[in-house]
């Protein structure tokens, strides 16, 4: 069963706007990761945040983690057409396996 | 610098046939994983391997067999393909298992 659940399922924004998507999970984690998948391609790792971290940045990406609420958010600032993709959160536990959510599909309109 | 490769990229087979999907990584990562991706289900783990000759079941292992005789290769075999195994299959590798996973380009399998 999926550990992570993304919300919303789909998001359409104008180029230059910010995109925010959320991930909720059920059990305790070691880390939470976000991946991007362009249409017809494999997943690409974006960012990893550990359970003892609250916020992390990478370029135009900002990830937050609230372990008390078992939730994370991914913010993409100043979106570009190239950001059009599906975004997945994945939770890592001490069993060395990642559990992926169903993903958020982001469409950036020119 | 090949990274992680999968072959074939596309495969059409018939119900009941045996199919093997190949995965090869050049990083000497200890961990390797097989996932299937279906609409509405995200990625589901089929099998994983912590090292050569060590494999373990994931969430949906039924109907699949894996082996890992060499660190760099992790083939996935469908012993008797069924239509429900039509999917996109992704292989991934990771240095430590808990950290970043690196994904291959995927194999699109259609079982008729």
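Residue numbers (the numbering used here), protein chains in the order written: chain A, 541 to 650; chain B, 18 to 129.
Here a beta-carbon is modelled for each residue, glycine too, at the ideal position from N, C-alpha and C.
Model, not experiment: these values are computed from the prediction.
- Residue-level contact check: residue 599 of chain A does not touch chain B, since none of the beta carbons of chain B fall below 8 angstroms from its beta carbon.
- Taking C-beta separations shorter than 7 angstroms and ignoring five residues to either side along the sequence, the partners of residue 641 of chain A in its chain run 542, 544, 545, 546, 563, 628, 629, following chain order.
- Scanning its chain for C-beta atoms nearer than 7 angstroms, with the 5 sequence neighbours on each side dropped, one finds around residue 25 of chain B the residues 124, in chain order.
- Rounded to whole angstroms, residue 574 of chain A and residue 593 of chain A show a C-alpha spacing of 15 angstroms.
- A residue is called buried once 16 or more other Cβ atoms fall within 10 Å of its Cβ, and residue 27 of chain B, having fewer, is exposed.
- Across the set A:621, A:650, A:567, A:578, the C-alpha of A:578 shows the shortest separation from the C-alpha of residue 643 of chain A.
- The beta carbon of residue 621 of chain A does not come within 8 angstroms of any beta carbon belonging to chain B, so the residue lies off that interface.
- According to the DSSP assignment, residue 604 of chain A belongs to the beta strand (DSSP E) that extends over 601-606.
- Listed in chain order, the non-local C-beta contacts of residue 70 of chain B below 8 angstroms within the same chain comprise 85, 86, local neighbours out to five positions each way being set aside.
- Taking a Cβ-Cβ threshold of 7 angstroms, none of the residues of chain B is close to residue 550 of chain A; the smallest such distance is about 13 angstroms.
- Rounded to whole angstroms, the Cβ separation of residue 106 of chain B and residue 20 of chain B is 17 angstroms, and the two are not in contact under 8 angstroms.
- Contact annotation: in the region 547-581 of chain A, residues whose CB is within less than 9 angstroms of a CB in chain B are 570, 571, 573, 575, 577, 580, 581.
- Residue 112 of chain B and residue 46 of chain B do touch by the CB rule: their CB atoms are close to 5 angstroms apart, below 8 angstroms.
- In the displayed model, residue 97 of chain B falls within coil according to three-state DSSP, outside both helix and strand.
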